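Reviewing the structure listed below.
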Amino acid sequence: MIKKIGKRLLKALGIVIALLLVAFAVLYLVYNQPLPEGKQGAEAEALANKMLQAVNQEAWDSTNYVEWTFVGMHDFVWDKKRHLVKVSWKDYSVLLNPNTMKGKIYRDGQEQAEDPSILETAYSYFTNDAFWMNGYVQIRNGNPELRAVDLEDGTKGLLVTYPTGGVTPGDSYLWMLNEDGLPKAWRMWVGIIPIGGIEVSWENWKTLASGAKIAQNHNAGIADIAITNIKSYQTWQEGGWDEDIFAPILGD
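In structure tokens form, the structure reads like this:
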């Protein structure tokens with residue numbers, strides 16, 4: 016009797032796996048797109064400049080502090096001038112120096128022993144979630160390859176490929192812009208997603224106090240990636256802090 020039940024469970028599991036494989040194959044055939052070809056040179060550089068001007072990169076570069084929440088799960092306070100970040104999730108809070116990968120770990124408000132895996136988790140969250148917040152200002156970071164691409168609607172897109180750097184080097188993003196150069200969507204060819212060319216919107220733009228522009232929503236059709244609680248300020252006093260929260264890691 017037990018053997019029969021076990022065989023039935025294995026058969027049912029096999030059917031489920033087969034159905035999932037078929038579903039993935041259908042999705043792959045319907046949605047997968049090859050990485051487009053494009054041309055490097057003056058046109059690509061002009062598109063990059065137009066996009067950076069539209070999002071007010073100059074204002075972003077002069078912004079000292081930024082706070083935001085990523086999909087309601089990860090909270091960030093980023094001291095851009097000193098490049099220090101506070102990352103909070105679940106019952107953890109980490110003060111991190113991304114340049115040295117040193118920091119302080121707190122759990123339920125109590126300082127913990129240094130744990131490289133927790134610091135790596137905080138760094139991974141920060142790198143990924145900051146890119147979703149404003150990846151467009153990183154289009155010249157790490158010497159990426161910029162290409163102008165002809166889009167289906169007759170406009171031009173900017174294909175950015177990162178040979179190195181970040182959490183997933185080798186990824187490519189095709190930025191699609193409105194007439195003013197403001198990003199309206201991107202298509203992704205990234206290592207963690209097996210289907211290439213998935214399109215995600217950049218919308219619901221907010222202008223920060225510094226003048227920099229941030230897209231608060233990214234719609235992928237089946238999910239909405241929300242960037243909430245966004246604000247910027249120039250001094251920690253303006254941020255409402257009682258003291259410099261990064262003091263414990265200064266010098267790390």
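Residue numbering for the sequence shown follows the working numbering, beginning at 16 and increasing consecutively.
Even glycine gets a Cβ: it sits at the ideal position worked out from N, Cα and C.
Owing to the predicted nature of the structure, the values given are computational and were not obtained by experimental measurement.
- From the listed residues K221, L161 and I264, the smallest Cα separation to I245 is found for K221.
- DSSP places E82 in the strand class (E or B) of the three-state scheme.
- A residue is called buried once 16 or more other Cβ atoms fall within 10 Å of its Cβ, and L166, having fewer, is exposed.
- Check the Cα spacing between G53 and each of E82, Y188 and M88: the tightest is with Y188.
- A distance below 8 Å separates the beta carbons of P159 and Y177.
- In terms of CA proximity to K117, Y138 leads the group T243, D106, W104 and Y138.
- Counting C-beta pairs with one atom in each stretch, the stretch 97-115 and the stretch 242-257 have fewer than three that are closer than 8 Å, which means they do not touch.
- Within the model, the alpha-carbon separation for N79 versus F261 is close to 14 Å.
- Contact check for A200 against E58 fails: the beta carbons are separated by 8 Å or more.
- Per the C-alpha coordinates, the member of Q55, G56 and M66 positioned closest to E194 is M66.
- For V215, the closest C-alpha among the options F141, G226, A238 and I207 is that of A238.
- Beta-bridge pairing by DSSP links D90 to T84 and S103.
- An exposed status is given to A235, since fewer than 16 other beta-carbon atoms sit within 10 Å of its beta-carbon.
- When DSSP states are grouped into helix, strand and coil, K65 belongs to the helix group.
- The continuous stretches of beta strand (DSSP E) do not include N149, which lies in the alpha helix (DSSP H) extending over residues P131 to N149.
- For W75, no beta strand (DSSP E) segment is defined; the enclosing uninterrupted segment is the alpha helix (DSSP H) at Q72 to D76.
- With fewer than 16 other beta carbons inside 10 angstroms of its own, A224 counts as exposed.
- Residue environment: G150 is assigned as buried (16 or more neighbouring CB atoms within 10 Å of its CB, all protein chains considered).
- Distance from the CA of W75 to the CA of A227, rounded to the nearest whole angstrom, comes to 5 Å.
- Counted as a single uninterrupted DSSP element, the stretch harbouring R97 is not any beta strand (DSSP E), since DSSP gives it neither H nor E.
- Spatial neighbours of N114 in its own chain (CB-CB distance under 8 Å, excluding positions within 5 residues in sequence) are listed in chain order as H98.
- In this structure G266 is exposed. Its beta-carbon is surrounded by fewer than 16 other beta-carbon atoms within 10 angstroms.
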